[in-house]
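In terms of the working numbering, the sequence shown opens at residue 1 and continues consecutively.
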Amino acid sequence: MKKKVLVLTGGGDCPGLNAVIRGIVKRAAQTTDWEVIGSKEAYNGVLSNPQEIVTLDNRAVAGIHVIGGTIIGTTNKGGPFNWAVQQPDGSWKNEDRSAELVKRLQELNVEAIISIGGDGSQRISQQLVEKGLKIVGVPKTIDNDLSATDFTFGFQTAVQIASDAFDKLVTTAASHHRVMILEVMGREAGWIALHTAMSGGAEVCLIPEIPYNIQKIAEKVNSRYNNGKGFVNIVIAEGAKPQGGGISGMKSTEVGYENLRLAGAAYRLSAELKAVGCKADIRETVLGHIQRGGSPSAFDRVLATQFGVKAFEMVLAGEFGRMVTYKNNNISTVTLQEAVSNYNFVDVNSYIVKAARGVGISFGD
Ligand code: F6P
């Protein structure tokens with residue numbers, strides 16, 4: 001009987017997930033003693049009744065590296081340690097189903113697991129490793145906010161999508177002499193905003209790491225207008241905040257969804273500019289989940305494929321409790337503990353921020 005490796009994707013989706021799955025499956029098919037199965041929507045496929053487990057072979061993954069999303073689905077709600085269960089009074093309570101998960105995996109004869117996900121998924125993996133499971137992690141996030149890896153797949157694709165949107169806003173801003181505000185993803189790290197601002201040539205870039213002063217932004221905007229003629233393009237990360245203020249968002253009513261749903265940063269900035277006397281017409285564009293959809297860029301396909309192949313080779317080598325990384329142009333590995341210990345914030349003293357200031361981009365500080 002062949003040994004089974006279970007693959008799952010957790011957290012928000014991200015272009016390149018399918019390329020990782022394909023890399024794992026194709027490399028595993030070169031062995032004689034391993035087969036790959038997938039759990040639908042992270043661990044839900046194992047924990048649900050009936051279970052949703054799919055066979056992942058060369059036929060199942062043919063050509064999927066160019067397709068966005070994930071063929072095995074994903075979820076960013078709950079997890080084995082926080083499983084929402086409806087109570088008789090209609091309310092929801094989180095239950096720990098991790099012991100049951102371990103038992104079900106044994107019954108399925110799962111030898112090893114490859115978990116593809118962001119910091120939340122890697123934290124769950126670390127807890128499960130402590131319960132004896134053999135897990136290899138693959139980092140995923142369009143936000144590029146995991147410090148153990150220089151880049152995560154999906155990030156470059158998201159930047160390209162945002163940059164294309166930015167270019168389109170420039171021509172309409174110039175035609176109407178408007179201030180255009182483009183809101184991009186970036187919950188706690190402003191990588192997408194920073195790269196988009198530099199790639200597109202923004203006048204203002206607002207990121208969570210640098211709380212902004214509205215007066216400074218107004219000064220920059222006004223400096224671009226002469227007799228009412230001029231235009232300004234601003235990129236703002238969804239998690240950006242004014243000095244002394246908080247992030248703009250709302251609590252979700254979705255069962256099991258713990259994150260604050262970020263929304264409103266661009267509209268808030270627009271209102272703040274008006275409140276300090278900005279006379280220019282302002283329009284807001286919120287790019288949202290368009291940044292997470294569609295075909296991964298060539299770079300992300302290549303990175304994701306390497307991650308997939310390496311993850312399976314880590315299974316072969318018995319390198320469990322570790323996550324594959326891309327550091328200094330090398331595919332390498334770190335412990336899951338290291339993987340989640342530091343967040344990858346934009347370093348405000350880094351050269352890319354200096355270079356952005358060097359081409360006149362204001363961070364509103
Ligand atoms: O973490 C990635 C991310 O894209 C964040 O930038 C964003 O706030 C969040 O996911 C939105 O996730 P969803 O709407 O899918 O829950």
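Ideal Cβ placement from N, Cα and C applies to all residues, glycine included.
Query: Exposed or buried, Ile282, counting other C-beta atoms within 10 Å across all chains shown (16 or more means buried)?; Result: buried
Query: Count the other CB atoms within 10 Å of the CB of Met250; is the residue buried (16 or more) or exposed (fewer)?; Result: exposed
Query: For the alpha helix (DSSP H) that Met314 lies in, which residues bound it at each end?; Result: 298–317
Query: For the segment 115–164, list the beta strand (DSSP E) runs that are entirely contained and at least 3 residues long, ordered along the chain.; Result: 135–139
Query: Using 7 angstroms as the threshold, is the C-beta distance between Ser121 and Asn342 below it?; Result: no
Query: Could you say if the segment 43–50 and the segment 18–31 meet the contact criterion of at least three C-beta pairs nearer than 8 angstroms?; Result: no
Query: Between Ala202, Asn227, Glu188, Lys93, which has its C-alpha nearest Pro211's C-alpha?; Result: Glu188
Query: Under a Cβ-count criterion, where at least 16 other Cβ atoms within 10 Å of its own Cβ denotes burial, should Trp92 be classed as buried or exposed?; Result: exposed
Query: With DSSP as the reference, identify every bridge partner of Phe173, one or two as the case may be.; Result: The displayed chain sequence assigns Ala, not Phe, to residue 173. Looking at the DSSP assignment, Ala173 forms no beta bridge with any residue, so it has no partner.
Query: Is the distance from the Cβ of Val54 to the Cβ of Gly38 below 7 angstroms?; Result: yes
Query: Can Gly120 be considered in contact with the ligand F6P, in the sense that its beta carbon sits closer than 6 angstroms to one or more heavy atoms?; Result: no
Query: Work out the CA separation of Met185 and Asp143 for me, nearest whole Å.; Result: 7 angstroms
Query: Tell me whether Arg357 sits in a helix, a strand or coil according to DSSP, three-state version.; Result: helix
Query: If we count Cβ pairs, one from each stretch, closer than 8 angstroms, do we get three or more for the segment 168–183 versus the segment 214–233?; Result: yes
Query: Rounded to whole angstroms, what is the Cα-Cα separation between Ile114 and Val302?; Result: 19 angstroms
Query: Would you check whether the ligand F6P has a heavy atom nearer than 6 angstroms to the C-beta of Asn76?; Result: yes
Query: Helix, strand or coil, according to DSSP, for Lys251 in the structure here?; Result: strand
Query: For the structure I just gave you, are there three or more beta carbon pairs, one from the segment 62–78 and one from the segment 14–26, closer than 8 angstroms?; Result: yes
Query: Out of Ile290, Lys216, Ser125, Thr196, which one is the CA nearest neighbour of Ala356?; Result: Thr196
Query: Hey, is the segment 155–172 in contact with the segment 255–263, meaning 3+ C-beta pairs nearer than 8 angstroms?; Result: no
Query: For Ala112, I'd like the list of residues in its chain whose CB is within less than 6 angstroms of its CB, leaving aside the five on either flank, ordered along the chain.; Result: Val5, Lys134, Val315
Query: Output the distance between the C-alpha atoms of Gln291 and Met1, rounded to the nearest integer angstrom.; Result: 42 angstroms
Query: The ligand F6P and Leu391: does the residue's C-beta get closer than 6 angstroms to at least one heavy atom of that ligand?; Result: Outside the displayed range of the chain (1 to 365) lies residue 391, so it cannot be described from this structure.
Query: Got a sec? Which residues, its chain only, sit under 7 angstroms from Trp34 by beta carbon, not counting five neighbours each side?; Result: Lys2, Lys3, Val5, Ala28
Query: Can you list, in chain order, the residues of its chain whose CB lies under 7 angstroms from that of Ser295, leaving out five sequence neighbours each side?; Result: Pro15, Val66, Ile67, Gly68
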